[in-house]
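A.B. asks: If you're matching them up, the sequences are chains A and B in order. Residue numbering for the first sequence is 192 to 429, as defined by this note's numbering. Residue numbering for the second sequence is 192 to 429, as defined by this note's numbering.
Number of protein chains: 2
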Amino acid sequence: MFKKAKQSRVFQDVVEQIQNAILSGKLSPGTKLPPERELKDMFNTSRGTLREALRVLEQKGLIEIKLGVSGGAIVKRIDTEPIAESLALLIRSGEVSLEHISEFRIKIEGSLVELAAQRATKKDIRELETLYNKAKAYYKEHDWENFLKTDEEMHTYIGIMTRNPVFQFVQKSIHDNIHKYYEEYLPMNKKRTLENLTDFKRLLDAMRINDGKAASRIIMDHVKRFNNKMQEKLKGKT
Amino acid sequence: MFKKAKQSRVFQDVVEQIQNAILSGKLSPGTKLPPERELKDMFNTSRGTLREALRVLEQKGLIEIKLGVSGGAIVKRIDTEPIAESLALLIRSGEVSLEHISEFRIKIEGSLVELAAQRATKKDIRELETLYNKAKAYYKEHDWENFLKTDEEMHTYIGIMTRNPVFQFVQKSIHDNIHKYYEEYLPMNKKRTLENLTDFKRLLDAMRINDGKAASRIIMDHVKRFNNKMQEKLKGKT
DNA sequence: CCCTATATAATGGTTAAACCATTCGACGTT
DNA sequence: AACGTCGAATGGTTTAACCATTATATAGGG
Numbered sequence: 192m193f194k195k196a197k198q199s200r201v202f203q204d205v206v207e208q209i210q211n212a213i214l215s216g217k218l219s220p221g222t223k224l225p226p227e228r229e230l231k232d233m234f235n236t237s238r239g240t241l242r243e244a245l246r247v248l249e250q251k252g253l254i255e256i257k258l259g260v261s262g263g264a265i266v267k268r269i270d271t272e273p274i275a276e277s278l279a280l281l282i283r284s285g286e287v288s289l290e291h292i293s294e295f296r297i298k299i300e301g302s303l304v305e306l307a308a309q310r311a312t313k314k315d316i317r318e319l320e321t322l323y324n325k326a327k328a329y330y331k332e333h334d335w336e337n338f339l340k341t342d343e344e345m346h347t348y349i350g351i352m353t354r355n356p357v358f359q360f361v362q363k364s365i366h367d368n369i370h371k372y373y374e375e376y377l378p379m380n381k382k383r384t385l386e387n388l389t390d391f392k393r394l395l396d397a398m399r400i401n402d403g404k405a406a407s408r409i410i411m412d413h414v415k416r417f418n419n420k421m422q423e424k425l426k427g428k429t
Numbered sequence: 192m193f194k195k196a197k198q199s200r201v202f203q204d205v206v207e208q209i210q211n212a213i214l215s216g217k218l219s220p221g222t223k224l225p226p227e228r229e230l231k232d233m234f235n236t237s238r239g240t241l242r243e244a245l246r247v248l249e250q251k252g253l254i255e256i257k258l259g260v261s262g263g264a265i266v267k268r269i270d271t272e273p274i275a276e277s278l279a280l281l282i283r284s285g286e287v288s289l290e291h292i293s294e295f296r297i298k299i300e301g302s303l304v305e306l307a308a309q310r311a312t313k314k315d316i317r318e319l320e321t322l323y324n325k326a327k328a329y330y331k332e333h334d335w336e337n338f339l340k341t342d343e344e345m346h347t348y349i350g351i352m353t354r355n356p357v358f359q360f361v362q363k364s365i366h367d368n369i370h371k372y373y374e375e376y377l378p379m380n381k382k383r384t385l386e387n388l389t390d391f392k393r394l395l396d397a398m399r400i401n402d403g404k405a406a407s408r409i410i411m412d413h414v415k416r417f418n419n420k421m422q423e424k425l426k427g428k429t
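1. Let me know if arginine 296 (chain A) comes out buried or exposed under the rule of 16 or more other beta-carbons within 10 Å of its beta-carbon.
2. Looking at C-beta atoms only, is the number of pairs between the segment 299-314 of chain B and the segment 389-398 of chain A that lie closer than 8 Å three or more?
3. Using a C-beta to C-beta distance shorter than 8 Å, which residues of chain B count as neighbours of glutamate 227 (chain A)?
4. Between proline 251 (chain A) and chain B, is the shortest Cβ-Cβ distance under 8 Å, so that the two count as touching?
5. Residues of chain B with CB closer than 8 Å to the CB of histidine 413 (chain A), please, in chain order.
6. Report buried or exposed for valine 357 (chain A), applying the criterion of at least 16 other Cβ atoms within 10 angstroms of its Cβ.
7. Which ranges does the alpha helix (DSSP H) cover as unbroken runs of at least 4 residues, wholly within the segment 202-256 of chain A, from first to last along the chain?
8. Nearest chain A C-beta to proline 356 (chain B) closer than 8 Å, yes or no?
9. Beta-carbon within less than 8 Å of glycine 252 (chain B)'s beta-carbon, same chain only, minus the 5 sequence neighbours each way: which residues are those?
10. In the DSSP output, which residue or residues are listed as bridge partners for alanine 264 (chain A)?
11. Residues in its own chain within less than 7 Å of valine 414 (chain A) by CB, not counting five upstream and five downstream?
12. When you check each C-beta in the segment 285-297 of chain B against every C-beta of chain A, which residues fall closer than 7 Å?
13. Is the separation between the beta-carbon of valine 304 (chain A) and that of serine 219 (chain A) shorter than 8 Å?
14. I want to know whether the segment 238-252 of chain B touches the segment 207-216 of chain B - three or more CB-CB distances under 8 Å.
15. Who are the Cβ neighbours of alanine 244 (chain B) in its own chain at under 6 Å, not counting the five residues just before and after it?
16. Of all the CB atoms in chain A, is at least one closer than 8 Å to the CB of glutamate 243 (chain B)?
17. I'd like to know if glycine 350 (chain B) contacts chain A, where contact means its C-beta is closer than 8 Å to some C-beta of that chain.
18. Using a C-beta cutoff of 8 Å, does phenylalanine 360 (chain A) count as contacting chain B?
19. Check whether the Cβ of leucine 319 (chain B) lies closer than 8 Å to any Cβ atom in chain A.
20. Check the Cβ-Cβ distances between isoleucine 254 (chain B) and every residue of chain A, and say whether any is below 8 Å.
21. Suppose the cutoff is 6 Å on Cβ atoms and the five residues either side in sequence are ignored; what does the same chain contact list for methionine 192 (chain A) look like?
Below you can see the structure in the form of structure tokens.
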């Protein structure tokens, strides 16, 4: 029924005041907060307590703290990093397995691509074509590292095409956490790279005619296939 | 290419040591850490620095700190709370709108219900039937508050039926953040409650025959309809 | 004997003042 | 103009003391 009455923790009050100032826009990204020795006086508290508040704000991803003269707490643009970090904790704690993540990713990426295809503009298609040609060139040069980088760019751009930041955030959080597995257990070679490129070509064609359902099928199939490959490798190792 | 070399922040080292101990299972949930005055000696640091580390761990949701004698830092079971909190920041900062969330929710809940239907056991169906009958009783008594509570229980149980914690986590994070909107802008009445109950009956029937696609259609339609109602109310207010 | 009120001590929360470490910029030297 | 040196601003750390909260022990009353 009722919430626990506010605890008497001074640093919490400081956190809330600064957080509210940031969220309400009174402090915009890039703004530098006054030095600790001034802030402590403004909040009428001690430096130790003030620093505990700054530690919390830093952990929340609201500020960044730099050292040295002209250093200090700088207001950050809010991003997906804290979410990705919390998700990483869940994974490392064993609460969720790689298979759980993969299953989720297949569904999410399916929905995401469907939306992107439905909303694709001519400009989007041109952008994807540019990326596709870039990837193709790297493939011909056998430059797997840059190929992968371009592949990442394509996924990111498709996220942008949804025009929905939630999908972008979730995809990034998942990718950040799953990436190290792929790097370790699924090194790129000529065959796999070509397969990747071919899948992307099919996806691009579906996007061109705004066929969301087809695009969704293509990416889900793609993710499933590459995921299976990795699961096999994983089993082989253990 | 390279990562920034490790900064020389003592409290970060303390955070990592304790975090690793928790994640590796050396410290299990419920365990109480030694008092600050002992920990500070174990890490050979000052109390202020140690407390900054504890603040970070608390914010990460890894420990909980209690006051008074026999108080102290207690290892928490990792859950979805920090993710929900970070998501709340993204919403409050204006980076994501209610419509963005709703669109995402429609897709997620569709996938989630599809999985749940495919994996539904006879025990699951019995459990859902019990919940359905409970909701029906509250409907007949015009007890909207308990009806909503039971509705929430049904959604949670369907999450469990996926057997995938990622879906459970995401659904909870989204629901925690969207709930206050629904409470404020979409109060329950007889007509809406009956509509809700009818939708759930249809969902239950689809689950009974493990028809994932049908279940998915039903829930997506349900979420869309209730979301539209709320969007209208929202527009009316502004 | 049991219940309640009070006292005690353990523990987190806060304060103060000093010193250390890092970094940027000014200034001077070549 | 390029480079090196030095000083000051700022975050990071330490110490020592005191305050606030709360579980438990103790004492008193019924």
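All residues carry an ideal CB built from backbone N, CA and C; glycine is no exception. Computed from a prediction, not measured in an experiment: that's the story for all the values here.
C.D. replies: In brief:
1. Along the first sequence, read from residue 1 onward, the residue named residue 296 (chain A) stands at position 105. Its Cβ being crowded by 16 or more others within 10 Å, arginine 296 (chain A) is buried.
2. no
3. Position 36 of the first sequence holds residue 227 (chain A). Within chain B, no residue comes near glutamate 227 (chain A); the closest Cβ sits about 13 Å away, beyond 8 Å.
4. Stepping through the first sequence from its first residue, residue 251 (chain A) is reached at position 60. A small correction: the amino acid at residue 251 (chain A) is lysine; proline does not occupy that position in the sequence shown. By this cut-off, lysine 251 (chain A) is an interface position.
5. For the purposes of this step, residue 413 (chain A) is identified with residue 222 of the first sequence, where counting begins at 1. Simply none; closest approach about 17 Å.
6. Position 166 of the first sequence holds residue 357 (chain A). It counts as buried.
7. 227-233, 238-250
8. Your numbering for residue 356 (chain B) matches position 165 in the second sequence. Yes, its Cβ sits closer than 8 Å to a Cβ of chain A.
9. The residue labelled residue 252 (chain B) in the question sits at position 61 within the second sequence. Counting only Cβ-Cβ distances below 8 Å, and skipping sequence neighbours, we find Lys267, Ile269, Asp270, Glu272, Pro273.
10. Translated into positions along the first sequence, residue 264 (chain A) becomes position 73. DSSP output for alanine 264 (chain A) lists A:Ile256 as bridge partner(s).
11. The sequence position of residue 414 (chain A) within the first sequence is 223, counting from 1. Arg296, Ile297, Glu300, listed in sequence order.
12. Glu286, Val287, His291, Ile292, Glu294, Phe295
13. For this step, residue 304 (chain A) is matched to residue 113 along the first sequence. For this step, residue 219 (chain A) is matched to residue 28 along the first sequence. Against a cut-off of 8 Å, the Cβ pair of serine 219 (chain A) and valine 304 (chain A) comes out as no contact.
14. yes
15. By one-based count along the second sequence, residue 244 (chain B) stands at place 53. Hits under 6 Å: Phe202, Val205, Val206.
16. In the second sequence, counting from the first residue as 1, residue 243 (chain B) sits at position 52. Output row for glutamate 243 (chain B): interface = yes.
17. What you label residue 350 (chain B) is simply residue 159 of the second sequence in a count that begins at 1. So no, glycine 350 (chain B) is outside the interface.
18. The sequence position of residue 360 (chain A) within the first sequence is 169, counting from 1. Closer than 8 Å: yes.
19. Here residue 319 (chain B) corresponds to residue number 128 of the second sequence, with the count starting at 1. No, no contact with chain A.
20. In the second sequence, counting from the first residue as 1, residue 254 (chain B) sits at position 63. Output row for isoleucine 254 (chain B): interface = no.
21. In the first sequence, counting from the first residue as 1, residue 192 (chain A) sits at position 1. Confidence in methionine 192 (chain A) is poor, its pLDDT being 45 and thus under 50, which makes the residue's placement too unreliable to answer from.
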